[in-house]
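In the numbering used here, the protein residues as written are 1129 to 1489. Built from N, CA and C at the ideal position, the CB exists for glycine as well. Take a look at the structure below.
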Ligand code: NAD
């Protein structure tokens, strides 16, 4: 298969972990007789230096020309002098791409690797049955896209934020989540605040109606306040979790803490036509950038998701995911996963081990 991939490495650790990820993709291409063409574009602070825009039209064009977008991270070097120009880096680049391509569904897999159970902040007895679930977050509606206003009412400072959901926005993510559940354990937990919010009541109605199309899938509903508690006290119960924009923003960061490092968590934002932007869940990590110690796994696993969701290369994706699990079991980990002074390896050594493992298959 021939595929074009827009490669937006970005700032901080972005370029170093992207480089390793492309090495892994090249090994997969060679093994399976694919041809991946990388179209490199500037994004974030790196783009601002050249184009005076965090997401220039040149980069958008590259993304249009590609079959999928592989994104690193943004957030240029932060210092007082440059603060103003970097401040909106993330907002201006990721949100612009999400809006430009109408990316309405974000999927974040949350997995605690058996070999890394001690890296999780949760006790082993809480997670020993296995934490492995997907969070589906609606990206195009809700509070973040309503009118926001501060005003004076009766001489008192006041503010309001508008929250709107359209049936079609809910239907789109509902079908995506049900389809994913069909391929897993056929269990969905939809998270809302239907005891209070009108948007949540509509959300629940649409989910109940959609469930009739997928009779094999067991749909349950959970209120957001209970959900955040359950994700800590009993995270093993979840398989596919689906929720609206702001709740998803919050629970996906809460859940990101469970595996023990941001460097482990990939994600994808998809639109209705299946175009995807694949990115690690963390940012540019300026505290460790350039030291060769960043964990490249979130970026590599994002590339694996790209193979699966955008290119239908399930076997190739599974080989990468299995290799990551195997090297962890062999004790090959980067510094972020170690609490004490145990043995850790650099990003390059980890990638070499991963490639060696992939080549064994
Ligand atoms: P961050 O995610 O960059 O870093 C938080 C902590 O996690 C740091 O200690 C960092 O070293 C660690 N970390 C993150 N990724 C890691 C990896 N792959 N390996 C090892 N450790 C890793 O968040 P921050 O420090 O709050 O933000 C830094 C910059 O990144 C800011 O400019 C912010 O706006 C931006 N940001 C960008 C994105 C994105 O590109 N999607 C997301 C979040 C933050």
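Which residues bound the alpha helix (DSSP H) around residue i?
| i | result |
| --- | --- |
| residue 1375 | 1373-1384 |
| residue 1239 | Where residue 1239 is concerned, there is no enclosing alpha helix (DSSP H), although the beta strand (DSSP E) it sits in stretches over 1233-1239. |
| residue 1350 | Where residue 1350 is concerned, there is no enclosing alpha helix (DSSP H), although the beta strand (DSSP E) it sits in stretches over 1346-1351. |
| residue 1143 | 1142-1160 |
| residue 1177 | 1173-1179 |
| residue 1456 | 1442-1457 |
| residue 1288 | Where residue 1288 is concerned, there is no enclosing alpha helix (DSSP H), although the beta strand (DSSP E) it sits in stretches over 1284-1289. |
| residue 1534 | What the structure shows of the chain is the stretch from 1129 to 1489, and residue 1534 is not part of that stretch, so it cannot be assessed. |
| residue 1366 | Here residue 1366 belongs to no alpha helix (DSSP H), and DSSP marks it neither H nor E. |
| residue 1477 | 1475-1488 |
| residue 1306 | 1295-1310 |
Measuring CB to CB, does residue i end up less than 8 Å from residue j?
| i | j | result |
| --- | --- | --- |
| residue 1150 | residue 1199 | no |
| residue 1474 | residue 1148 | no |
| residue 1203 | residue 1169 | no |
| residue 1201 | residue 1142 | yes |
| residue 1224 | residue 1191 | no |
| residue 1139 | residue 1409 | no |
| residue 1234 | residue 1397 | yes |
| residue 1241 | residue 1456 | yes |
| residue 1330 | residue 1293 | yes |
So residue i packs on residue j, CB below 8 Å; how close in whole Å?
| i | j | result |
| --- | --- | --- |
| residue 1196 | residue 1438 | 4 Å |
| residue 1306 | residue 1345 | 6 Å |
| residue 1392 | residue 1426 | 6 Å |
| residue 1347 | residue 1316 | 5 Å |
| residue 1364 | residue 1379 | Not really, about 16 Å apart at Cβ, beyond 8 Å. |
| residue 1484 | residue 1460 | 10 Å between Cβ atoms; not a contact. |
| residue 1422 | residue 1144 | 6 Å |
Quick one: residues in its chain with C-beta nearer than 8 Å to the C-beta of residue i, no 5 flanking neighbours on either side, listed in chain order?
| i | result |
| --- | --- |
| residue 1402 | 1437 and 1438 |
| residue 1361 | 1254 |
| residue 1359 | 1366, 1379, 1382, 1383 and 1386 |
| residue 1309 | 1315, 1316, 1342, 1345, 1367 and 1368 |
Got a sec? Which residues, its chain only, sit under 7 Å from residue i by beta carbon, not counting five neighbours each side?
| i | result |
| --- | --- |
| residue 1237 | 1262 and 1394 |
| residue 1366 | 1261 and 1317 |
| residue 1321 | 1328, 1351 and 1352 |
| residue 1276 | 1289 |
| residue 1153 | 1164 and 1431 |
| residue 1314 | 1344, 1345 and 1346 |
| residue 1496 | Residue 1496 is absent from the model: the chain starts at 1129 and stops at 1489. |
| residue 1323 | 1351 |
| residue 1188 | 1228 |
Could you spell out where the beta strand (DSSP E) holding residue i opens and where it closes?
| i | result |
| --- | --- |
| residue 1278 | 1276-1281 |
| residue 1316 | 1315-1320 |
| residue 1437 | No beta strand (DSSP E) holds residue 1437; the alpha helix (DSSP H) holding it covers 1425-1437. |
| residue 1078 | This structure does not reach residue 1078, given that the chain is present from 1129 up to 1489, and the question cannot be answered. |
| residue 1201 | 1196-1201 |
| residue 1405 | 1404-1408 |
| residue 1163 | 1163-1168 |
| residue 1263 | 1260-1266 |
| residue 1398 | 1394-1398 |
Tell me which same chain residues have a C-beta within less than 6 Å of the C-beta of residue i, skipping the five on either side of it?
| i | result |
| --- | --- |
| residue 1448 | 1432 |
| residue 1452 | 1425 |
| residue 1278 | 1287 |
| residue 1166 | 1133 and 1135 |
| residue 1342 | 1306 |
| residue 1179 | none |
| residue 1444 | 1156, 1160 and 1435 |
| residue 1325 | none |
| residue 1130 | 1163 |
| residue 1489 | 1447 |
Beta carbon of residue i: closer than 7 Å to some heavy atom of ligand 2?
| i | result |
| --- | --- |
| residue 1197 | Absence of ligand 2 is noted for the structure shown, with ligand 1 being the only ligands found. |
Between residue i and chain B, is the shortest Cβ-Cβ distance under 8 Å, so that the two count as touching?
| i | result |
| --- | --- |
| residue 1184 | Protein chains in the displayed structure number just one, and chain B is not present. |
**OP:** Would you be able to state if there are at least three C-beta pairs under 8 Å between the region 1387-1404 and the region 1320-1339?
**Re:** no
**OP:** Take every Cβ of the region 1248-1263, pair it with every Cβ of the region 1366-1383, and state whether three or more of those distances are shorter than 8 Å.
**Re:** yes
**OP:** Could you tell me whether the region 1268-1276 touches the region 1291-1301, using the rule of 3 or more Cβ pairs below 8 Å?
**Re:** yes
**OP:** May I ask you to verify whether the region 1238-1248 touches the region 1452-1467, counting CB pairs closer than 8 Å and requiring at least 3?
**Re:** yes
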